[in-house]
Amino acid sequence: MTTFNCYINADEIKMKTTSILILLLLMSCKQSQPDWIDRQLHKELFDINLSESIETYATSENPSQIENTIKNLEQAKGYFDKVFEEKLNFAVLFVDNKNWNKYAFIPPPGMPQAHYEGNMILGLGKSMMATRAEQGLQNIPESELSNLKKYYGEEVDLDLFFRDGLSLHELGHLYQFYKTGKNSQRRWLDEIFGNLCQVGAARNMESQEVFNRMDSYQMLLVQQNRWGELKYKTLVQFEEDYLDVMKQGQNYGWYQTQFYLMAKELHSKYGDEFLNIFRDFLIDTNPTIIGKLSNEGLQELMIENLGQDAVEILQWKYETLNDNDLEN
Ligand SMILES: [Zn+2]
Numbered sequence: 002m003t004t005f006n007c008y009i010n011a012d013e014i015k016m017k018t019t020s021i022l023i024l025l026l027l028m029s030c031k032q033s034q035p036d037w038i039d040r041q042l043h044k045e046l047f048d049i050n051l052s053e054s055i056e057t058y059a060t061s062e063n064p065s066q067i068e069n070t071i072k073n074l075e076q077a078k079g080y081f082d083k084v085f086e087e088k089l090n091f092a093v094l095f096v097d098n099k100n101w102n103k104y105a106f107i108p109p110p111g112m113p114q115a116h117y118e119g120n121m122i123l124g125l126g127k128s129m130m131a132t133r134a135e136q137g138l139q140n141i142p143e144s145e146l147s148n149l150k151k152y153y154g155e156e157v158d159l160d161l162f163f164r165d166g167l168s169l170h171e172l173g174h175l176y177q178f179y180k181t182g183k184n185s186q187r188r189w190l191d192e193i194f195g196n197l198c199q200v201g202a203a204r205n206m207e208s209q210e211v212f213n214r215m216d217s218y219q220m221l222l223v224q225q226n227r228w229g230e231l232k233y234k235t236l237v238q239f240e241e242d243y244l245d246v247m248k249q250g251q252n253y254g255w256y257q258t259q260f261y262l263m264a265k266e267l268h269s270k271y272g273d274e275f276l277n278i279f280r281d282f283l284i285d286t287n288p289t290i291i292g293k294l295s296n297e298g299l300q301e302l303m304i305e306n307l308g309q310d311a312v313e314i315l316q317w318k319y320e321t322l323n324d325n326d327l328e329n
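My numbering numbers the first residue of the sequence shown as 2 and each following residue consecutively.
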């Protein structure tokens, strides 16, 4: 038996040690930022590669009119990375009306949504969601549309709201899902958080264009109060009939405007740091860690972690199904 094979000189030991160190370093880097993105969804999409910091895919090879959306998302990523002290990787999938149901979990096409595994789905081209909402504007007197037109121009294109504005909200959900997975105490808390992220990111952009468009449309919906018959109004219903609420588009929109008003007030009062406090609350109260809380138990922890004043702002005004409640 020869010892030749076992002979290693000092240089080789140094080289091997260095390689092992590099390997360990790579492994630890990978561990701090595991690839959580579900890449199965990208298989039939074009990798449009329109950003250095965000993965971008689309149902067409050269999609138009999404450069601004991507620029906004890059700014929002900068803001969230800083606020949450993350460097989050995620993917944005631009999906046209025709292919919507293949990628999104709920219609109509163009209603932005975040998946639990790192993907966000946004509309591409003139979305059905925006078309429907623009039809809704036709019932509103011209004189009441002036504020909206100030920020959208004469031809109001609501894809600028659903794709550009709400993508910030969906991105906020991704920063949440990355830490919490699909588990949360209440869906309405997740949605308050999404709205809080939407407001914080938009207010921190170089230009207030996105914020003004988002805010003028939401405030118009609030002022007009033309929701028709709302089947659901309570938070319990929002939890228990969530999918049905979503299917009743108007009803979901109504809930979201309530959450939006609360989020705006919370952000005005407590600033960017509150996003982090809120996300920590969602992480720490994950039901996989502490179990599902009763309303009382949840309220107690909210007061402890978010503060009494913030909990007052979060007080839900519509616990009964009385139509008169909607008027205040
Ligand atoms: Zn949401």
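In this text, a Cβ means the ideal position worked out from N, Cα and C, and glycines have one as well. Note that the structure is a prediction, hence the values are computed from the model and not measured.
Check                                                                                                            : Outcome
Assigned secondary structure, phenylalanine 212 (DSSP; H/G/I helix, E/B strand, else coil)                       : helix
Integer-rounded CB distance, given that threonine 70 should sit under 8 Å from leucine 123                       : 7 Å
Residues bridged to isoleucine 122 (per DSSP)                                                                    : Leu94 and Gln114
For threonine 235, three-class secondary structure by DSSP                                                       : coil
Closer than 7 Å to chain C by CB, methionine 263                                                                 : Considering every chain present, this structure includes no chain C. It has just one protein chain.
Distance between asparagine 50 and cysteine 30 (C-alpha atoms, nearest Å)                                        : For cysteine 30, the predicted model reports a pLDDT of 45, less than 50, meaning its position is unreliable and no value from the coordinates is stated.
Among Glu241, Asp165 and Lys183, the one whose alpha carbon lies nearest that of proline 288                     : Lys183
Contact check, leucine 267 vs isoleucine 314, beta carbons under 7 Å                                             : yes
Proximity winner among Trp228, Tyr179 and Tyr152, relative to glycine 166 (alpha-carbon distances)               : Tyr152
Beta carbon of glutamate 143 nearer than 7 Å to that of leucine 159                                              : no
Residue span of the alpha helix (DSSP H) that contains glutamate 297, given as start and end                     : 296-307
Residue burial classification, tryptophan 189 (beta-carbon count within 10 angstroms, cutoff 16)                 : buried
Check: glycine 111 C-beta below 6 Å from any heavy atom of ligand 1                                              : no
C-alpha distance - lysine 72 paired with asparagine 306, whole-angstrom precision                                : 34 Å
Buried versus exposed call for glutamine 224 [16 or more other C-beta atoms within 10 Å across all chains shown] : exposed
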